[in-house]
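Participant: Shown below is the structure under consideration.
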Amino acid sequence: MNDTLKYFLRFLLFLAVQLVFFNSLNLGTYLFPAPYILFLLLFPCLYSVAWLLIWAFAFGLCLDVFGGGVLGLHTSALLILALFRYGLLRLVSVKGDLDNLSVPGFITFGFGRYFVFVLLSVLVHHIVYFSLESFSFFHFWQVFLRIAGSTLLNVFLVLLFERVFYAGRR
Amino acid sequence: MFGISPFLRKLLVFLLYLVLQASALVLLINNSYFQQNAMMRIVRNSQLYFWEKRSDWRSFLNLKKTNDALNAENTRLLNELAKFYQLQDEWKAKDTILPAVSDSFSFIPAVVLNNSVTRQQNFLIINKGLADGVTPDLGVISNTGIVGIVSNVTEHYAVVISLLNTEQRLTALLSGSRVFGTLRWDGSDYSKVRLTEIPRHIPVAIGDTVISSDFSVLFPPRIPIGTVSSFSTKKGTFLDLEVDLFLDFKTLRYVNVVTHSGVKEIKEL
Chain A
0 MNDTLKYFLR FLLFLAVQLV FFNSLNLGTY LFPAPYILFL LLFPCLYSVA WLLIWAFAFG
60 LCLDVFGGGV LGLHTSALLI LALFRYGLLR LVSVKGDLDN LSVPGFITFG FGRYFVFVLL
120 SVLVHHIVYF SLESFSFFHF WQVFLRIAGS TLLNVFLVLL FERVFYAGRR
Chain B
0 MFGISPFLRK LLVFLLYLVL QASALVLLIN NSYFQQNAMM RIVRNSQLYF WEKRSDWRSF
60 LNLKKTNDAL NAENTRLLNE LAKFYQLQDE WKAKDTILPA VSDSFSFIPA VVLNNSVTRQ
120 QNFLIINKGL ADGVTPDLGV ISNTGIVGIV SNVTEHYAVV ISLLNTEQRL TALLSGSRVF
180 GTLRWDGSDY SKVRLTEIPR HIPVAIGDTV ISSDFSVLFP PRIPIGTVSS FSTKKGTFLD
240 LEVDLFLDFK TLRYVNVVTH SGVKEIKEL
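Here the protein sequences line up with chains A and B, keeping their order. Following numbering that gives the first Met the number 0, the numbering of the first sequence begins with 0 at its first residue and continues without gaps. Following numbering that gives the first Met the number 0, the numbering of the second sequence begins with 0 at its first residue and continues without gaps.
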């Protein structure tokens with residue numbers, strides 16, 4: 000299948016699942032389920048950052064508009080994640096290894112390194128998302144707990160989805 | 000990208016990032032405060048289609064709960080009606096004229112199309128708008144408490160700033176002492192709000208009821224809002240009360256928009 004078409008279908012799938020299911024799932028203030036982060040993590044290691052930014056922008060905007068929150072919130076968080084993704088990949092991979100690995104995942108990276116990669120990515124996204132949402136340091140501990148709780152939940156969800164739906168296929 | 004140096008390429012990518020991030024932030028800043036610009040209207044129209052479909056679908060799941068609530072409400076209304084007829088008969092027996100209702104509140108029923116409880120600034124969308132008589136700055140209530148205040152209205156829909164919005168401030172009374180304070184949400188728990196600025200000498204007990212103010216044209220007086228679950232002294236002079244809401248914002252679907260015949264006159268005073 001054409002790669003761009005594949006990414007586009009994946010885009011629609013992740014968007015639909017997030018909007019219809021996970022946005023309606025109320026797990027309380029401290030747990031915000033956002034496994035859609037996996038959408039950005041699934042692109043090939045050497046995928047152009049410019050295109051990644053455009054995918055992130057489009058995905059975030061759709062999520063903001065149809066999710067009904069404050070516009071630009073998911074978009075900002077996803078853009079920063081897209082910008083840092085290559086750096087994070089470099090951080091967790093052995094030097095020169097990135098050229099040989101096609102797509103970041105359990106099997107290509109091994110559990111340990113992939114776990115660190117997902118953890119850092121989710122953390123970057125959540126720090127931006129929750130800080131922008133509260134827009135002040137007045138509720139510092141509350142924001143901190145929301146970041147911590149949601150990070151735990153989403154790292155688990157992302158790893159689970161990667162394992163179940165993508166790792167087996169390669 | 001086409002034979003240019005890696006440095007320049009990185010710079011271009013970063014510039015692209017800056018442009019996209021700037022547009023995201025512009026959207027964020029323009030919309031974080033009460034969503035009152037024209038662009039929002041265009042966006043809303045596309046949102047509404049989606050939400051209306053999703054709301055219809057979701058209401059299936061809550062049908063039993065909703066029916067039970069409606070039944071209870073019907074019973075309550077029938078009881079009130081019975082009481083009213085009884086009173087009317089008594090008045091007639093006394094051969095006097097019914098007193099004119101001084102403040103006439105009336106209600107417009109509406110259905111919640113979209114709602115959230117986990118954000119810091121929560122909004123609701125309801126399916127009544129200008130065409131039905133809903134205008135900005137009207138109060139919205141449900142069977143079990145205060146829901147919020149209308150902010151933005153289109154022809155058939157309205158945006159309501161939820162009580163669960165950290166920027167929302169409302170006046171409420173302690174039912175026993177009839178002292179009023181400011182009702183606000185601290186952004187953490189959707190079933191709790193805080194009643195602040197109650198003077199310290201006022202006796203407060205856990206379990207006291209908090210009701211809507213007598214002086215408001217936004218809400219009918221004495222709607223029960225919640226009960227006091229704990230309290231503490233803030234800054235030495237005022238009491239800070241934690242209030243458990245009667246209203247469950249999570250399953251909220253049927254609301255009433257409150258209109259008051261005298262709003263315009265009172266505001267012009």
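In this text, a Cβ means the ideal position worked out from N, Cα and C, and glycines have one as well.
Looking at the secondary structure, which residues open and close the beta strand (DSSP E) in which B:G225 lies?
Facilitator: First-last of the beta strand (DSSP E) with B:G225: 223 to 233.
Participant: Under 7 Å between beta-carbons, which chain B residues line up against A:H138? List them in chain order, please.
Facilitator: G186
Participant: Can you name the start and end residues of the alpha helix (DSSP H) that A:Q141 belongs to?
Facilitator: 139 to 160
Participant: Could you confirm whether any beta carbon from chain B is found closer than 9 Å to the beta carbon of A:V19?
Facilitator: Yes, A:V19 counts as interfacial toward chain B.
Participant: Going along the chain, which residues of its own chain have a beta-carbon closer than 7 Å to the beta-carbon of B:L69, five neighbours each way excluded?
Facilitator: none
Participant: In chain order, what residues of the same chain have a beta carbon less than 6 Å from the beta carbon of A:V91, not counting five sequence neighbours either side?
Facilitator: R112, V115, F116
Participant: If the cut is a Cβ gap below 7 Å, which residues of chain A does B:L15 touch?
Facilitator: A49, L52
Participant: Quick one, are the C-beta atoms of A:F38 and A:W50 less than 9 Å apart?
Facilitator: No. Outside cutoff.
Participant: Between A:Y165, A:L131, A:V16, A:H125, which lies nearest to A:N153 when the distance is taken from Cα to Cα?
Facilitator: A:H125
Participant: Look at the alpha carbon of A:G109 and the alpha carbon of A:R162, and state the distance between them as a whole number of angstroms.
Facilitator: A:G109 and A:R162: Cα-Cα distance of roughly 12 Å.
Participant: Cβ of B:F59 less than 9 Å from any chain A Cβ?
Facilitator: no
Participant: Is the region 80 to 89 of chain A close to the region 132 to 145 of chain B, with three or more CB pairs under 8 Å?
Facilitator: no
Participant: So B:A109 is in the beta strand (DSSP E); what residue range does that whole segment cover?
Facilitator: 104 to 113
Participant: Which residue wins for smallest C-alpha separation from B:T165, given the options B:T181, B:W90, B:D213?
Facilitator: B:T181
Participant: Measure the alpha-carbon distance for B:F106 versus A:L60 and round it to whole angstroms.
Facilitator: Rounded to whole angstroms, B:F106 to A:L60 spans 37 Å at the Cα level.
Participant: Is the region 171 to 188 of chain B close to the region 130 to 141 of chain B, with three or more CB pairs under 8 Å?
Facilitator: no
Participant: Under the rule that 16 or more other beta-carbon atoms within 10 Å means buried, what is B:S115, buried or exposed?
Facilitator: buried
Participant: Report the residue ranges of all alpha helix (DSSP H) runs contained in full by the region 160 to 211 of chain B; include only those spanning at least 4 residues, in chain order.
Facilitator: None, since the region 160 to 211 of chain B contains no complete alpha helix (DSSP H) of that length.
Participant: For A:F65, which residues in chain B fall below 7 Å Cβ to Cβ?
Facilitator: Q46, F49
Participant: Please name the residue or residues paired with B:S124 in a DSSP beta bridge.
Facilitator: The amino acid occupying residue 124 of chain B in the given sequence is Ile; Ser does not appear at that position. B:N113, B:V158.
Participant: Is the region 199 to 208 of chain B touching the region 255 to 265 of chain B in the sense that three or more CB pairs, one from each, lie closer than 8 Å?
Facilitator: no
Participant: Residue range of the alpha helix (DSSP H) that A:S75 falls in?
Facilitator: Note, A:S75: alpha helix (DSSP H), 72 to 91.
Participant: What is the rounded straight-line gap between the Cα of B:T272 and the Cα of A:F65?
Facilitator: No answer is possible for residue 272 of chain B: the residues shown for chain B start at 0 and end at 268.
Participant: Taking DSSP as the reference, what is the three-state secondary structure of B:S150?
Facilitator: strand
Participant: Please classify B:N61: does DSSP put it in a helix, a strand, or coil?
Facilitator: In the structure shown, B:N61 falls within a coil segment according to DSSP collapsed to helix, strand and coil.
Participant: Classify A:F1: buried if its beta carbon has 16 or more other beta carbons within 10 angstroms, exposed otherwise.
Facilitator: The displayed chain sequence assigns Asn, not Phe, to residue 1 of chain A. Per the 10 Å Cβ criterion, exposed.
Participant: Chain A beta carbons: is any one of them nearer than 9 Å to that of B:T117?
Facilitator: yes
Participant: Is B:A23 closer than 9 Å to A:F13 when the C-beta atoms are compared?
Facilitator: no
Participant: Name the chain A residues that come within less than 9 Å of B:K127, Cβ to Cβ?
Facilitator: Here the premise fails: no neighbours, minimum Cβ distance about 18 Å.
Participant: Using the C-alpha atoms, what's the distance from B:I148 back to B:Q34?
Facilitator: Since pLDDT at B:Q34 reaches only 42, below the 50 mark, its modelled position is unreliable, and the value read off the structure follows with that caveat. Roughly 13 Å between the two C-alpha positions.
Participant: Below 7 Å between beta carbons is the criterion; list the residues of the region 143 to 162 of chain A that meet it against any residue of chain B, in chain order.
Facilitator: none
Participant: In chain B, what lies closer than 9 Å to A:V123 by C-beta?
Facilitator: Think of a sphere of 9 Å around the beta carbon of A:V123: no beta carbon from chain B falls inside it, the nearest being about 14 Å out.
Participant: Pick helix, strand or coil for B:F237, following the three-state DSSP scheme.
Facilitator: strand
Participant: Looking only at DSSP bridge pairs, what is B:N255 linked to?
Facilitator: B:P108, B:I140
Participant: Need the endpoints of the alpha helix (DSSP H) that A:Y113 sits in, please.
Facilitator: 110 to 133
Participant: At the level of alpha carbons, what is the spacing between A:D63 and A:V48?
Facilitator: 22 Å
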